[in-house]
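In this note's numbering, the protein residues as written are 269 to 724.
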């Protein structure tokens with residue numbers, strides 16, 4: 269069997285390298301192509317060179333490799349509209365992703381999570397709730413860990429929890445695959461550089477529930493108009509969470525309340541003050557996670573224990589340090605304006621003055637809404653040079669938000685430090701992609717944290 273890995277990727281447990289290893293161990297002949305060079309891909313190239321039946325074509329993708337292949341494994345970063353993917357479809361090639369390979373072969377219950385915001389946090393919460401309930405749980409997907417890395421260890425009574433991006437869901441949808449329990453956290457504008465429009469993006473996300481069976485579960489945000497519409501379209505049992513009355517799990521000013529989806533009993537899930545996570549959006553993530561974890565076999569004790577103790581994920585409203593009374597928060601995972609808005613709403617109440625590090629690469633989005641929120645929070649901004657600069661700076665000017673254009677993370681942090689005092693917060697929440705100044709969003713967060721720690 270000839271297998272083409274279309275996009276190796278840089279992450280050591282990512283989609284491309286995991287799929288390559290999977291097929292090489294099956295005895296396939298593998299070609300690996302990527303727009304990046306061997307130097308860029310580093311340890312992943314070195315790791316695969318230990319196999320005999322692998323060839324690398326780096327710095328480009330080639331149509332001849334698509335023609336050669338029996339199976340094309342598409343990395344999530346490779347667009348469905350690329351010449352290579354168009355040819356693969358035209359020639360009727362078998363098209364896979366690491367997630368389709370896993371879902372085809374996984375012997376246990378699969379919980380899938382998607383949405384524009386909150387995917388990673390909800391995924392981690394579900395995993396923690398199940399683990400604290402004594403369930404053997406595997407967590408992977410769009411959180412830098414391919415599920416193929418643990419496929420051979422999964423047992424029938426385990427639970428697999430997968431974060432699923434729109435790009436991964438394109439591959440599962442094409443194969444008619446949906447998880448047994450689907451969580452749809454919300455739907456906001458994002459990735460407009462990759463899709464023809466909002467409808468195209470939304471339909472990719474909708475693949476998480478489109479192919480479910482009647483006895484499967486789909487969980488939706490009742491506060492989101494499109495999610496409410498999708499709940500009516502789902503072929504499975506639906507559960508709703510949000511601030512609206514009558515939902516299965518409800519957020520109030522003081523409490524998280526629910527109707528236990530297993531017993532039907534109504535009551536308090538947990539008090540808001542007992543959750544360590546900042547922001548209403550994170551309280552909503554707890555509601556979604558609780559419903560999904562309960563349906564996957566979690567106990568009430570396990571759910572509540574995880575909700576109380578969970579401190580959040582790296583790069584998502586991550587507390588880095590407090591230095592001379594100034595708090596530094598890393599929210600590099602806010603790669604869209606809506607993500608930055610959620611961060612500002614969460615952080616502004618605990619900040620005397622808010623200083624924001626923003627900007628980067630544009631994803632075909634608009635910045636007027638986030639600029640208005642910054643103005644209301646009386647924030648000042650350092651704005652990275654990048655493809656979003658023109659649009660973002662114009663939005664800030666219209667809103668009357670003071671900003672300084674910077675060319676590096678060091679310049680951004682040092683600019684804010686010139687005008688901070690005790691009680692202020694310096695928040696990295698870019699609202700943009702990282703391409704250009706940084707290797708990726710995680711490199712952006714790492715640089716911020718290293719700079720902050722060097723100040724101690």
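Every residue gets a Cβ at the ideal spot worked out from N, C-alpha and C, and that includes glycine.
Where residue i falls, given that 16 or more other Cβ within 10 Å makes a residue buried
{"i": "residue 618", "result": "exposed"}
{"i": "residue 577", "result": "exposed"}
{"i": "residue 331", "result": "exposed"}
{"i": "residue 530", "result": "exposed"}
{"i": "residue 718", "result": "exposed"}
{"i": "residue 371", "result": "buried"}
{"i": "residue 333", "result": "buried"}
{"i": "residue 402", "result": "exposed"}
{"i": "residue 532", "result": "exposed"}
{"i": "residue 722", "result": "exposed"}
{"i": "residue 508", "result": "buried"}
{"i": "residue 305", "result": "exposed"}
{"i": "residue 501", "result": "exposed"}
{"i": "residue 397", "result": "buried"}
{"i": "residue 309", "result": "buried"}
{"i": "residue 478", "result": "buried"}
{"i": "residue 353", "result": "buried"}
{"i": "residue 595", "result": "buried"}
Reduced DSSP category for residue i - H, G, I as helix; E, B as strand; rest coil
{"i": "residue 641", "result": "helix"}
{"i": "residue 385", "result": "coil"}
{"i": "residue 431", "result": "strand"}
{"i": "residue 471", "result": "helix"}
{"i": "residue 305", "result": "coil"}
{"i": "residue 326", "result": "strand"}
{"i": "residue 455", "result": "coil"}
{"i": "residue 515", "result": "coil"}
{"i": "residue 426", "result": "coil"}
{"i": "residue 338", "result": "coil"}
{"i": "residue 464", "result": "coil"}
{"i": "residue 396", "result": "helix"}
{"i": "residue 333", "result": "helix"}
{"i": "residue 354", "result": "helix"}
{"i": "residue 318", "result": "coil"}
{"i": "residue 286", "result": "helix"}
{"i": "residue 346", "result": "coil"}
{"i": "residue 276", "result": "coil"}
{"i": "residue 371", "result": "helix"}
{"i": "residue 439", "result": "helix"}
{"i": "residue 491", "result": "coil"}
{"i": "residue 665", "result": "helix"}
{"i": "residue 403", "result": "coil"}
Whether residue i touches residue j by CB criterion (8 angstroms)
{"i": "residue 324", "j": "residue 341", "result": "no"}
{"i": "residue 674", "j": "residue 651", "result": "yes"}
{"i": "residue 643", "j": "residue 668", "result": "yes"}
{"i": "residue 446", "j": "residue 365", "result": "no"}
{"i": "residue 591", "j": "residue 724", "result": "yes"}
{"i": "residue 241", "j": "residue 486", "result": "What is shown of the chain runs 269 to 724, which leaves residue 241 out entirely."}
{"i": "residue 547", "j": "residue 608", "result": "no"}
{"i": "residue 705", "j": "residue 676", "result": "yes"}
{"i": "residue 337", "j": "residue 361", "result": "yes"}
{"i": "residue 553", "j": "residue 382", "result": "no"}
{"i": "residue 720", "j": "residue 588", "result": "yes"}
{"i": "residue 449", "j": "residue 420", "result": "no"}
{"i": "residue 631", "j": "residue 459", "result": "yes"}
{"i": "residue 545", "j": "residue 392", "result": "no"}
{"i": "residue 517", "j": "residue 559", "result": "yes"}
{"i": "residue 703", "j": "residue 629", "result": "yes"}
{"i": "residue 287", "j": "residue 355", "result": "no"}
{"i": "residue 400", "j": "residue 570", "result": "yes"}
{"i": "residue 543", "j": "residue 572", "result": "no"}
{"i": "residue 412", "j": "residue 378", "result": "no"}
{"i": "residue 713", "j": "residue 603", "result": "no"}
{"i": "residue 519", "j": "residue 555", "result": "yes"}
Opposing strand residues paired with residue i [DSSP bridges]
{"i": "residue 650", "result": "625, 672"}
{"i": "residue 270", "result": "297"}
{"i": "residue 539", "result": "523"}
{"i": "residue 486", "result": "450, 506"}
{"i": "residue 657", "result": "Residue 657 is not bridged to any residue."}
{"i": "residue 409", "result": "413, 431"}
{"i": "residue 534", "result": "527"}
{"i": "residue 362", "result": "339"}
{"i": "residue 378", "result": "428"}
Cβ-heavy atom distance, residue i to the ligand PLP, below 7 angstroms
{"i": "residue 524", "result": "For the structure depicted, the ligand PLP is absent and the ligand set is empty, with no information on it obtainable."}
- Query: What are the uninterrupted segments assigned as beta strand (DSSP E) that are 3 or more residues long and contained completely in the region 548-635, given in chain order?
  - Reply: Runs of the beta strand (DSSP E) inside the region 548-635: 586-591, 594-598, 622-627.
- Task: Could you name each continuous beta strand (DSSP E) segment of 3 residues or more that falls completely within the region 669-721, going from the start of the chain to the end?
- Result: Counting only runs of 3 or more, we get 671-674, 693-696.
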